[in-house]
Amino acid sequence: CRIFELKHIHGFGDYHEQVIGFAGEKEISLKEFVKEIEKKLETKCHLFEFGKKQIKKIAVVSGNGGSAIVREAVSKDFDCLVVGEAGHSSYHTAKEGNINLIAAGHYATETLGVKALMNLLKEKFDVDVKFIDAPSGF
């Protein structure tokens with residue numbers, strides 16, 4: 005959420021009683037937000053436009069959020085949910101819930117955490133680290 009400059013960031017996404025994502029706020033057009041994601045993550049998004057054209061409440065879960073995460077985003081009245089990849093059931097759950105769903109790429113969303121951990125280890129322990137980029141196409 006920090007990379008997208010969201011405000012009021014907090015945990016989001018319950019998976020077996022663990023928070024697996026974040027949420028926040030940013031007033032932006034849906035199309036501009038997709039462009040921002042594509043630029044900052046160097047990825048190609050798949051937009052499932054089922055909600056508002058102007059968004060504010062945004063939830064983000066890396067990897068595969070699944071339809072349960074989509075249902076949670078709908079129940080908490082989010083305008084947009086960003087995930088790594090979206091399956092068939094997530095598509096229909098988003099459509100029925102009138103929420104925008106952005107699939108930004110499983111690899112592109114998962115590597116953000118790995119890179120953040122890498123930088124933390126480098127800073128905290130003064131060790132040499134290297135990110136080995138191995139995109140999967142997902």
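All letters in the sequence shown, in the order written, are residues 5 to 142 by this note's numbering.
Beta carbons are placed, not taken as given, at the ideal position from N, Cα and C, and that holds for glycine.
**Item:** One or two residues paired with K61 in a DSSP bridge
**Value:** According to DSSP, which records beta bridges pairwise, K61 is partnered with E29.
**Asked** Alpha carbon to alpha carbon, how far is Y55 from A120?
**Response** The residue you asked about is not Tyr; residue 55 is Gly in the sequence shown. Spanning the two alpha carbons is a distance of roughly 31 Å.
**Message:** I need the boundaries of the alpha helix (DSSP H) containing K80, first residue and last residue.
**Reply:** K80: not part of any alpha helix (DSSP H); DSSP gives it neither H nor E.
**Prompt:** Buried or exposed: which applies to F82, given that a residue is buried once 16 or more other Cβ atoms fall within 10 Å of its Cβ?
**Reply:** buried
**Request:** Give the DSSP-derived three-state secondary structure of N123 in the structure shown.
**Result:** helix
**Asked** With distances taken between CB atoms, is the gap from F52 to L105 smaller than 8 Å?
**Response** yes
**Request:** Spatial neighbours of H110 within its chain, please: CB distance less than 6 Å, with the 5 preceding and 5 following residues excluded, ordered by chain position.
**Result:** G67, G88, E89, F142
**Request:** May I ask you to list the residues that DSSP assigns as paired with C84?
**Result:** I62, N104
**Prompt:** Are K30 and I62 close, meaning C-beta to C-beta below 8 Å?
**Reply:** Taking 8 Å as the Cβ cut-off, K30 and I62 qualify as a contacting pair.
**Request:** Quickly, what does DSSP pair F16 with across the bridge? List them, please.
**Result:** G25
**Distance, L85 Cα to G17 Cα** = Each residue's alpha carbon lies about 11 Å from the other.
**Message:** Tell me the DSSP secondary structure of G67 in three-state form.
**Reply:** strand
**Prompt:** In this structure, does DSSP put K43 in helix, strand or coil?
**Reply:** Looking at K43 - three-state DSSP - the assignment turns out to be helix.
**Prompt:** Do G28 and I7 have their C-beta atoms closer together than 8 Å?
**Reply:** no
**Item:** Cβ-Cβ distance between F147 and C5 below 8 Å
**Value:** Any property of residue 147 remains undetermined from this structure, which presents the chain solely from 5 to 142.
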